[in-house]
Amino acid sequence: MSTPYVVREAVEPGDREACFAVRKEVFVAEQGVPEDLEYDAYDAGAVHVLALGADGEALGTGRLLHGEAAAAKNGGGRAVQQTPGSLGRLAVTRRARGLGVGAALVRGIEEAARARGLTAVDLHAQTHALGFYERLGYEAYGPEFPDAGMPHRAMRRVL
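Converting from the sequence shown to the working numbering requires adding 222 to each position, the first position being numbered 1.
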């Protein structure tokens, strides 16, 4: 049985717009995140990953920050070479949930991190998603904190 979607880096014309459309649907429309908080200066230098259905429909997205952007996003203070990548903005459309798209996107982001020489990936998970990331090998650390009005925890996976 073939997979009903593909996951790849968003490098083709229109890919970034498709990523942003998924994020708008999930974060802005469903979760009520203000649009001015959803899109940020990190988007320009991020590696965006996109899940596409067999019909070419965008099903999910996520992004990887690395280098100086990851250091800034993760709180700075570490040498850039030692900073893990930062996985973020992981979103799967309602119609694609339950198909494994989220896990495939995480693995695609990890692959992109490895390709860039990173040895770990950090993320800030909404607390309701902790179990999802734990099943993928991520470990929570530090206290709960608010982000865009929702409770989050920091997590890391060594690659």
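Where is the CB? At the ideal position from N, CA and C, for every residue including glycine. In this text the structure is predicted, and so the values were computed from the model without any measurement.
DSSP state of residue i, grouped into three classes?
i	result
THR283	strand
ALA362	strand
ALA351	helix
GLY324	helix
ALA334	helix
ARG230	strand
ARG427	The chain is shown from 223 up to 381; residue 427 falls before or after that span and cannot be answered.
Measuring only the C-alpha atoms, how far is residue i from residue j?
i	j	result
ALA232	MET372	28 Å
GLY236	VAL343	27 Å
HIS350	GLY324	14 Å
TYR363	GLY289	21 Å
VAL228	GLY278	9 Å
LEU386	ASP369	There is no way to answer for residue 386, as the model of the chain reaches only from 223 to 381.
LEU272	ALA251	19 Å
VAL380	ILE331	13 Å
ALA266	ARG238	10 Å
ALA347	ALA376	6 Å
Considering only the alpha carbon of each residue, which of the options lies closest to residue i?
i	options	result
THR283	GLY289, THR305, LEU259 and PHE242	PHE242
LEU281	ARG316, HIS288 and TYR363	ARG316
GLY307	ARG378, GLU239, GLU234 and GLY278	ARG378
GLY339	LEU287, GLY353 and ALA370	LEU287
VAL244	GLY267, TYR360 and ARG319	ARG319
ARG311	VAL269, GLY275, ALA337 and GLU333	VAL269
ASP262	GLY254, VAL248, ALA240 and ARG285	ARG285
ARG230	GLY359, ALA334 and LEU358	ALA334
TYR355	HIS374, ALA337 and PHE367	HIS374
VAL314	GLU239, PHE249, ARG238 and GLU234	PHE249
LEU274	ALA337, TYR360, PRO226 and GLU239	PRO226
LEU358	GLN253, ARG329, PRO256 and GLU234	ARG329
Since residue i contacts residue j with CB under 8 Å, what's their CB separation in whole angstroms?
i	j	result
LEU345	LEU321	Their Cβ separation, rounded to whole angstroms, is 21 Å, which puts LEU345 and LEU321 out of contact at 8 Å.
Within the stretch 232-290, note down every full beta strand (DSSP E) run reaching 3 residues or more, in order along the chain. 269-275 and 280-287
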